[in-house]
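Chemist: The following block contains the structure, expressed as structure tokens.
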Amino acid sequence: MKHLFFYMACLWLAAYAFPIQAATPAFPTAEGYGMYATGGRGGKVVEVTTLEDDANGTIVGSLRWALKQHSSFPLTVVFRVSGIIDLKADLRSNRTMGTTLAGQTAPGDGICIRGAKCNFGGSQNLVIRHLRFRIGLKGDTAFAAGGSIGIENAANWIIDHCTFGWSGEENMTIYDNNNTTVQWCILHEGLYACGHSKGARSYACQWGGQTATYHHNLLAHNVSRTPRFNGARSNDFNVLLDYVNNVNYNWGKANSAYGGDIERSTHRANLVNNYYKPGPARPGTSDSYFVQSSYNSAQGTTKIAKWYLSGNVMEGSSNADITTNNALGVDRGGHPSSVRDSVISKTWFEVPYPVTTQTAQVAYGLVLEKAGAFPRDTVDRRIVKEVRTGTASGKGTSATYLGSDGTTQSTNPYYNVTKGIIDHPSAVGGYPTYATYNTVTDADHDGMDDAWELEKGLDPTNPDDRNQYT
């Protein structure tokens, strides 16, 4: 099975690494605004051969070193090892020539990145696939600043089949971008009482971008920001966002999502055919709703976030009406009464790159089957099982936490109760091991298995054939 998966990766590399043609997707299943990111197409291939890391990127074969190579060319990073990369400092990469991180090429159980934040702000034409980003805690005790991944002021990028979790800040922080897609990913178990200077967190993500698509993702066991929609703020002037076929499980507040703040021009969002399943942290109650539309009095009555909702399902809520009439699932209580009706759009906001869409019920099954980095590790398999069964295994391990004032100790409501909200990765077994096996031979180091190249009529001794057509 692993060999088949690698051969599929070879096919993708061969098809992907030729000079850009009009309307060529990043890979066959890429969809949404970021689907045409060019990544490393037509450029160089660099291999990650070690799990070691140093803050300066001087270790040859390390991930940090690899991202520093061939700065004037598009770059495809392939992995020759599986395991945990324990970052010694934040990893920052802002390449503009195009970058692909091909996690699916790791032989064996795959890659997990921990210890510090990965920041790809400023990147252009970025493709990230089949990697796990779980920042955790430094040395398993000290707070690790930042989320597991951050991307701001970037353009033309897509993240596909990745996993993000165990962050003391947002698992993903994504905004101030153009042409964004996050698809088929898992975001799980943001850490609650973990030493953040602002107090307790457990945040799934902040998602934004002027033109952004978020589809077929699983968000599970997070108290809040599931997601927080960034709105028209900072460099996101005119927002047109597509949020489609996502699955949200076991969030901790009445609003599974909130946002849409307007400090700039317009915010328009489609929330279509998403599946919401309350869990132990907040069983279905009459006040559960899809999104809280944010409002600030400085906006006045002309700058109002607009939301189109259709086909969303709230499982287990005693207020069944919000499934049959999605408009009732938008909390508009903070808006002046004179504009509350205008918050809801009766028509879909047309987007140039719509995604293949299923009903919420069908998408629920597909997301649980396919989301996250493959091959799935024990953590992702546990998460999916708990979503299916409506259960949780994690509990809080810190009785109190320091509040944002730096002096007040607050009681942890999740302490020693099994509601799926955790303070430390050890509460759910910690990091698994990732073995390297089923390694391949790649004599010309072009990212493609020699046997596969021979099968397809390519030359396993010629690295330049990676840029040919298939």
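Counting from 1, position 190 in the sequence shown corresponds to residue 190 in the numbering used here; the numbering is continuous, with no gaps.
Beta carbons are placed, not taken as given, at the ideal position from N, Cα and C, and that holds for glycine.
Note that the structure is a prediction, hence the values are computed from the model and not measured.
1. In chain order, what are the residue ranges of uninterrupted beta strand (DSSP E) at least 3 long that sit wholly in the region 220–256?
2. Rounding to the nearest angstrom, what Cα-Cα distance links R129 and Q409 in this structure?
3. Flag this pair as yes or no: are the beta carbons of Y192 and V239 separated by less than 8 Å?
4. Do A373 and R134 have their C-beta atoms closer together than 8 Å?
5. Whose C-alpha, out of P460, G457, A435 and M172, is nearest the C-alpha of I85?
6. Return the first residue and the last residue of the beta strand (DSSP E) that W207 is part of.
7. Hey, quick one: how far does the beta strand (DSSP E) through R132 stretch, first residue to last?
8. For Y364, does the three-state DSSP call read helix, strand or coil?
9. Assuming the contact rule is C-beta atoms closer than 8 Å, T471 and G32 should be a hit. Round their C-beta distance to whole Å, please.
10. Nearest-angstrom Cα distance between V440 and R80?
11. Do V343 and S310 come within 8 Å of each other at the CB atom, strictly closer than that value?
12. Between S197 and T347, what straight-line distance do the alpha-carbon atoms span, to the nearest angstrom?
13. Determine the DSSP secondary structure at W307, reduced to helix, strand or coil.
14. For K385, count the other beta carbons within 10 Å of its own beta carbon; 16 or more makes it buried, fewer makes it exposed. Which is it?
15. Look at the alpha carbon of R228 and the alpha carbon of I262, and state the distance between them as a whole number of angstroms.
16. Does the Cβ of S202 have 16 or more other Cβ atoms within 10 Å, making it buried, or fewer, making it exposed?
17. Excluding sequence positions up to five away, which residues of its chain have a Cβ less than 7 Å from the Cβ of G57?
18. Drop a sphere of 10 angstroms on the beta-carbon of A399, count the other beta-carbons inside from all chains shown, and report buried for 16 or more, exposed for fewer.
19. Does DSSP put Q21 in a helix, a strand or coil?
20. Whose C-beta lies closer than 6 Å to the C-beta of V247 among residues of the same chain, with five residues either side of it excluded?
21. Helix, strand or coil for K385 per DSSP?
22. When the Cα atoms are used, what is the spatial distance from E237 to G457?
23. Excluding sequence positions up to five away, which residues of its chain have a Cβ less than 6 Å from the Cβ of I383?
24. Assign H445 to buried or exposed, taking buried as 16 or more other Cβ atoms, counted over all protein chains shown, within 10 Å of its Cβ.
25. Does the beta-carbon distance from G420 to G259 come in below 8 Å?
26. Label G396 either buried or exposed according to how many other C-beta atoms from any shown protein chain fall within 10 Å of its C-beta, with 16 as the threshold for buried.
27. Does S93 come out as helix, strand or coil in the three-state DSSP assignment?
28. What did DSSP end up calling R80 once you bin it into helix, strand or coil?
29. Figure out for me which residue from Q183, F143 and T181 has the closest Cα to the Cα of C194.
30. Relative to the alpha-carbon of A101, which residue among W307, D423, A145 and I159 has its alpha-carbon at the smallest distance?
31. Could you have a look at S426 and say whether DSSP puts it in helix, strand or coil?
32. Expressed to the nearest angstrom, what Euclidean distance is found between the alpha-carbon atoms of V379 and I186?
33. Apply the 10 Å Cβ neighbour rule to Y289 and answer buried if 16 or more other Cβ atoms are within range, or exposed otherwise.
34. Let me know the secondary structure DSSP gives N156 once reduced to three states.
35. Counting C-beta neighbours from all protein chains within 10 Å, is the total for Q104 16 or more, i.e. buried, or is it exposed?
36. Helix, strand or coil for T357, going by three-state DSSP, please let me know.
Modeler: Per the coordinate set shown:
1. 238–244 and 247–249
2. 41 Å
3. no
4. no
5. A435
6. C205 to W207
7. R132 to R134
8. helix
9. Limits of the chain in this structure are 1 at one end and 470 at the other, which puts residue 471 out of reach.
10. 9 Å
11. no
12. 42 Å
13. strand
14. exposed
15. 13 Å
16. buried
17. R64, W65 and K68
18. exposed
19. Note on Q21: pLDDT 43, under 50, position unreliable in the model; the coordinate value appears next. The answer is coil: DSSP assigns Q21 none of H, G, I, E or B.
20. L218, Y275, Y364 and V367
21. helix
22. Strictly speaking, residue 237 in this sequence is Phe, with Glu absent from that position. Those two C-alpha atoms are separated by around 49 Å.
23. H188 and A220
24. exposed
25. no
26. buried
27. coil
28. coil
29. F143
30. This sequence places Leu at residue 101; Ala is not what is there. It is I159 whose Cα lies nearest to the Cα of L101.
31. helix
32. 11 Å
33. buried
34. strand
35. buried
36. coil
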